[in-house]
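Encoded as structure tokens, the structure appears first; notes follow it.
Protein chains in written order, with this note's numbering: chain B, 1 to 248; chain Y, 1001 to 1428.
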């Protein structure tokens, strides 16, 4: 069973000169931590937006846990997915608890069950003493950790993270990565996108590298590096497939 | 329902934390309304409500001068000034003081004015008597040239003001002439067949003038004054300024990704938007009633008239909700169209100032040129103001406000639909 299946996906935004996706294909196994990697403008954000049901594809098929992404399944799929956007998608002038209560309420959670879940996650992420502080007073790492909690409150089966460790200190980064490994052990599939390829190499069991709207390579992270003797690590493999030309 | 209530709670918490925003929403309109009502008080007052100092030079010292002085003082519109530093005002002095702008009006009653009026009345009575076969014996002056009461105005006086003064003086002159004529007629008739104890009364006024109200209720009698215009008008203006916090709120949510997170959560975004709208409509309604309290309690303390609310409080509440809906929808559209808070702030503020200016907030639409009145009636602020004026000034009830309410609600729905289309296009 796959957590995500993408077949021949096409997307051109209105007014855009170039298509964002040009027949993208890949699949991720259920229960794995997989990396969706690519340079700027490769089509990662568009792909994630289509996976989550925010943007409609022009053509092609997407399945999440074997459910086709269409109008009928959109709400069910949204419930299965948790998304950690690259931005700190929180209200800066609400406290961490008020933010999490609000997003929990939007997921239909309320009362004591919600509050105990919030307390549990605050403890896991080392924020239990700061729950009543406004997010605007948090450090970058604290904001990132709260951002992750907001995406897992409803206990999704698939967690999509867009650069979850951007701009955080080593301690926060290590904590986040360890949490993702532990969370994955509970059976949650994780899709991880990042430009920090050493981090991706450490955490991802599989990676798919996309460029110019197409998947250029997909496979087990260790095997992929081994397949290219000239490459010492995932970054070399990435550059091997996407080239050294700057992407602006 | 949980999504809706959670959104209302979230907006409430955000507003409470934003002290500057709270001040802008509630304290600034109070200041605005107070200032506007005070500075527009004088232009709104009828001339009858104002008292003018009027210089009077009486060279006649007869009945006409007395009549004019008494008449002016009796009207309570004028304070007659006939001495300066304890000395009677001379014609030259009066002219100088008018030229220097010290006084606005000066009346010069010429020497012999009463005599001329008496002579004229005697001449008329003599003529009538002769035609009736009676001898015309009342003395008549041989003077041929006509006398005039001269009026000097401050050159800066307005036409309407001059016209009102002219009319008042003309009335006094006519009154004196009529009184003297009637007196002479009675005097002449007494000389003929009328017993000495006959007290003949001649009543000239056969038809009078009476003012009636046409409104649904006959009890209200509110003069449209500065408070009655400015409090509702600037309240509506302040309510429309909710556009700025709403637009800023929406743009910030889009920029910081919280909008994205809300859209990723299953369930209709419409429930979240409805919660947001309900909250801001409630803020508008609270603003409205706060402003009304200012009109009722604060402005009278500053010497201004008290705001009169009409009889249908429910109708006023419904109109306040309608104005809140229209302004909130406008804020959502501005927040959807513009990409940065600065763009939204500039456009939002300037557009509201324009809509308020053409919509009769600054000055009533009735005194604008016809083509501006037509344009003004296209402004949602004018629909709100017309509805409130109907309730407060014409004592209209629920049955009379649906036209204005319909326009406000339709305006809100149209703007929300446009915002939805723009947002959909943005995503694709």
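Glycine residues also receive a C-beta, built at the ideal position from the N, C-alpha and C atoms. All values reported here derive from a predicted model rather than from experimental measurement.
Beta-carbon proximity of residue i to residue j, cut-off 8 Å
{"i": "residue 1014(Y)", "j": "residue 93(B)", "result": "yes"}
{"i": "residue 1017(Y)", "j": "residue 1267(Y)", "result": "no"}
{"i": "residue 1098(Y)", "j": "residue 1149(Y)", "result": "no"}
{"i": "residue 956(Y)", "j": "residue 1395(Y)", "result": "Given that chain Y is displayed from residue 1001 to residue 1428, the structure contains no residue 956(Y) and the question cannot be resolved."}
{"i": "residue 83(B)", "j": "residue 166(B)", "result": "no"}
{"i": "residue 1259(Y)", "j": "residue 1325(Y)", "result": "no"}
{"i": "residue 212(B)", "j": "residue 22(B)", "result": "yes"}
{"i": "residue 1067(Y)", "j": "residue 1172(Y)", "result": "yes"}
{"i": "residue 1184(Y)", "j": "residue 1138(Y)", "result": "yes"}
{"i": "residue 1147(Y)", "j": "residue 1113(Y)", "result": "yes"}
{"i": "residue 102(B)", "j": "residue 1010(Y)", "result": "yes"}
{"i": "residue 35(B)", "j": "residue 189(B)", "result": "no"}
{"i": "residue 13(B)", "j": "residue 20(B)", "result": "yes"}
{"i": "residue 176(B)", "j": "residue 33(B)", "result": "no"}
{"i": "residue 1265(Y)", "j": "residue 78(B)", "result": "yes"}
{"i": "residue 1234(Y)", "j": "residue 1033(Y)", "result": "yes"}
{"i": "residue 249(B)", "j": "residue 197(B)", "result": "Residue 249(B) is absent from the model: chain B starts at 1 and stops at 248."}
{"i": "residue 158(B)", "j": "residue 191(B)", "result": "yes"}
Beta-carbon neighbours of residue i, restricted to chain B and to distances below 9 Å
{"i": "residue 1300(Y)", "result": "Within 9 Å Cβ-Cβ: nothing; residue 1300(Y) doesn't reach chain B, min ~39 Å."}
{"i": "residue 1051(Y)", "result": "Simply none; closest approach about 55 Å."}
{"i": "residue 1003(Y)", "result": "105, 106 and 108"}
{"i": "residue 1018(Y)", "result": "93"}
Per DSSP, cross-strand counterpart(s) of residue i
{"i": "residue 1298(Y)", "result": "Answer is none; residue 1298(Y) lacks a bridge partner."}
{"i": "residue 1106(Y)", "result": "1055(Y) and 1152(Y)"}
{"i": "residue 35(B)", "result": "192(B) and 207(B)"}
{"i": "residue 134(B)", "result": "95(B)"}
{"i": "residue 81(B)", "result": "158(B)"}
{"i": "residue 10(B)", "result": "22(B) and 59(B)"}
{"i": "residue 28(B)", "result": "4(B)"}
{"i": "residue 1079(Y)", "result": "1053(Y)"}
{"i": "residue 1322(Y)", "result": "None; residue 1322(Y) has no bridge partner."}
{"i": "residue 67(B)", "result": "64(B)"}
{"i": "residue 1084(Y)", "result": "1087(Y)"}
Among the options, the one whose alpha carbon lies nearest that of residue i
{"i": "residue 1177(Y)", "options": "1257(Y), 1229(Y), 1042(Y) and 1122(Y)", "result": "1122(Y)"}
{"i": "residue 1025(Y)", "options": "1397(Y), 1237(Y) and 1332(Y)", "result": "1237(Y)"}
{"i": "residue 1392(Y)", "options": "1153(Y), 1295(Y) and 1159(Y)", "result": "1295(Y)"}
{"i": "residue 88(B)", "options": "1278(Y), 1039(Y), 1253(Y) and 1036(Y)", "result": "1253(Y)"}
{"i": "residue 81(B)", "options": "13(B), 135(B), 207(B) and 155(B)", "result": "155(B)"}
{"i": "residue 1406(Y)", "options": "1420(Y), 1419(Y), 1416(Y) and 1387(Y)", "result": "1387(Y)"}
{"i": "residue 1403(Y)", "options": "1390(Y), 1055(Y), 1413(Y) and 1415(Y)", "result": "1390(Y)"}
{"i": "residue 179(B)", "options": "61(B), 105(B), 146(B) and 68(B)", "result": "146(B)"}
{"i": "residue 1229(Y)", "options": "1008(Y), 1359(Y) and 1374(Y)", "result": "1359(Y)"}
{"i": "residue 1021(Y)", "options": "1283(Y), 1089(Y) and 1231(Y)", "result": "1283(Y)"}
{"i": "residue 52(B)", "options": "97(B), 29(B) and 161(B)", "result": "161(B)"}
{"i": "residue 1285(Y)", "options": "1397(Y), 1241(Y) and 1418(Y)", "result": "1241(Y)"}
{"i": "residue 1100(Y)", "options": "1120(Y), 1056(Y) and 1156(Y)", "result": "1156(Y)"}
{"i": "residue 1057(Y)", "options": "1133(Y), 1071(Y) and 1093(Y)", "result": "1093(Y)"}
Contact list for residue i against chain Y, beta-carbon separation under 8 Å
{"i": "residue 229(B)", "result": "Simply none; closest approach about 42 Å."}
{"i": "residue 150(B)", "result": "1261"}
Cα-Cα separation between residue i and residue j, rounded to whole angstroms
{"i": "residue 1073(Y)", "j": "residue 1103(Y)", "result": "16 Å"}
{"i": "residue 242(B)", "j": "residue 66(B)", "result": "30 Å"}
{"i": "residue 1127(Y)", "j": "residue 1142(Y)", "result": "15 Å"}
{"i": "residue 1247(Y)", "j": "residue 1342(Y)", "result": "10 Å"}
{"i": "residue 72(B)", "j": "residue 10(B)", "result": "20 Å"}
{"i": "residue 1180(Y)", "j": "residue 1115(Y)", "result": "11 Å"}
{"i": "residue 1370(Y)", "j": "residue 1321(Y)", "result": "30 Å"}
{"i": "residue 100(B)", "j": "residue 47(B)", "result": "27 Å"}
{"i": "residue 1300(Y)", "j": "residue 1306(Y)", "result": "5 Å"}
{"i": "residue 1356(Y)", "j": "residue 1347(Y)", "result": "14 Å"}
{"i": "residue 27(B)", "j": "residue 5(B)", "result": "4 Å"}
{"i": "residue 1019(Y)", "j": "residue 1345(Y)", "result": "18 Å"}
{"i": "residue 144(B)", "j": "residue 136(B)", "result": "12 Å"}
{"i": "residue 1165(Y)", "j": "residue 1207(Y)", "result": "24 Å"}
{"i": "residue 1159(Y)", "j": "residue 1035(Y)", "result": "28 Å"}
{"i": "residue 1107(Y)", "j": "residue 1151(Y)", "result": "5 Å"}
{"i": "residue 163(B)", "j": "residue 141(B)", "result": "13 Å"}
Partner residues on chain Y for residue i, Cβ-Cβ distance less than 7 Å
{"i": "residue 79(B)", "result": "1266"}
{"i": "residue 85(B)", "result": "1257, 1260 and 1261"}
Cross-chain neighbours of residue i in chain B, by beta carbon under 7 Å
{"i": "residue 1233(Y)", "result": "Neighbours of residue 1233(Y) on chain B: none; closest Cβ ~33 Å, over 7 Å."}
Within chain Y, the residues that residue i reaches when beta carbons sit closer than 9 Å
{"i": "residue 37(B)", "result": "The contacting residues do not exist; residue 37(B) stays about 21 Å from chain Y at best."}
{"i": "residue 180(B)", "result": "Under the 9 Å cutoff, chain Y gives no residues; its nearest Cβ is about 19 Å from residue 180(B)."}
Within chain B, partners of residue i - CB distance below 8 Å
{"i": "residue 1014(Y)", "result": "91, 93 and 94"}
{"i": "residue 1006(Y)", "result": "101, 102, 105 and 106"}
{"i": "residue 1010(Y)", "result": "91, 94, 98 and 102"}
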